[in-house]
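Here is the structure we will look at, set down as structure tokens.
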Amino acid sequence: MKKCKGKPSNFLILDPQKSDNLKDILLANKEEFSDFLYKIGLNIDHQEKTSNSVNHSTTVLTLKTTCFKVDFNDNSVKIAPLK
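Here the working numbering is used: the first residue of the sequence shown is 791, the next is one more, and so on.
Encoded structure:
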């Protein structure tokens with residue numbers, strides 16, 4: 791890993807839900823975080839195919855390599871991609 795450089799932009803503020811664990815905070819706020827990822831460039835490719843009455847589907851989520859700055863406060867968590 792290497793250190794990310796850049797300036798924070800397009801930040802998102804989440805409720806920490808009484809947790810200091812980032813994974814738990816993101817899971818508790820998954821809809822808001824997903825919407826935020828769409829806005830900064832998340833790409834979704836979905837394919838569905840039916841063969842011999844069997845349905846197969848594939849969904850691929852792609853987000854270009856992005857570093858995030860995360861600031862924890864008492865009442866909020868601020869997440870911003872670095873540009």
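Even for Gly, the Cβ is constructed at its ideal location relative to N, Cα and C.
These numbers come from a predicted model, not from an experiment.
- The three-state secondary structure of Ser847, taken from DSSP, is strand.
- In the three-state reduction of the DSSP assignment, Phe823 falls in the helix class, which pools H, G and I.
- Per DSSP, Lys854 has no beta-bridge partner at all.
- In the displayed model, Asp805 falls within coil according to three-state DSSP, outside both helix and strand.
- DSSP lists Ile803 and Asp861 as the bridge partner or partners of Lys868.
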